[in-house]
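Residue numbers (full-length UniProt numbering): 1 to 229.
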């Protein structure tokens, strides 16, 4: 069977993919991993970045003796998948992204960072704060938010992948976006889709941004159909 890596989003962890793994485990050898600073992995003293997360993936593939794999990346994980396809194309068989924010500028970064106030999260959505604390223990989830905010501001100043970078990504790719996603726009997704030489586009009905709210049956069907045909 083909290898399939599932890459989580910012503030996420590999355990979020357990429902999707159950749906796909009979068709693929499933691999999940936690990015640096996520899911209890140590928070590095250096800055967080897309490049760092790509190194996490390539290091995992090396330790698991995986020469090539399909990648499904949710949100930030999809951006990482595209970065790997750009800089280590031989490692990627096919790419699938969902709800990935590709367009960054200083205005967008500032807007996203405003939502990463740990004190406000504890006050307004304490259940989410508790979830973050549990998901990333024993690491400090508040420090993760701070370092992610810094990463977003860096993306705003200098987007890791420019729109023109996608022209050279030959990897067969499927870009998916929920029709009710309030973080990622259809326009930015289509812009990347049009610049990829070998890509497909899919808009998921009645679907918002959080991975927990995505219809797993629908998602697994689309992933399976794209990767195996």
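Don't be surprised by glycine CBs; every beta carbon is placed ideally from N, CA and C.
Residue 184 is not a Cβ neighbour of residue 124, given a cutoff of 8 Å. The three-state reading of DSSP puts residue 113 in helix, counting H, G and I together.
Shown here, residue 214 sits in coil according to DSSP, grouped into three states, outside any helix or strand. Within the UniProt domain "AB hydrolase-1" (3-152), the complete beta strand (DSSP E) segments at least 3 residues long are 28-32, 69-74, 92-98, listed from N- to C-terminus. Taking all protein chains in view, the Cβ of residue 148 is crowded by 16 or more other Cβ atoms within 10 Å, so the residue is classified as buried. About 27 Å separates the Cβ atoms of residue 92 and residue 108, ruling out a contact at the 8 Å cut-off.
Under the 10 Å beta carbon count, residue 136 is surrounded by 16 or more other beta carbons and is classified as buried. Distance from the CA atom of residue 83 to the CA atom of residue 121, rounded to whole angstroms, is 30 Å. Counting only runs that start and end inside the region 140-209, the alpha helix (DSSP H) elements of at least 4 residues fall at 141-157, 186-195.
Residue burial annotation: residue 106 is exposed, with fewer than 16 other C-beta atoms found within 10 angstroms of its C-beta. A contact between stretches requires three or more CB pairs, one per stretch, nearer than 8 Å, and the region 155-175 fails this requirement with the region 131-146. In this structure residue 31 is buried. Its beta-carbon is surrounded by 16 or more other beta-carbon atoms within 10 angstroms. The region 125-133 makes no contact with the region 22-37; the number of CB pairs closer than 8 Å stays below 3.
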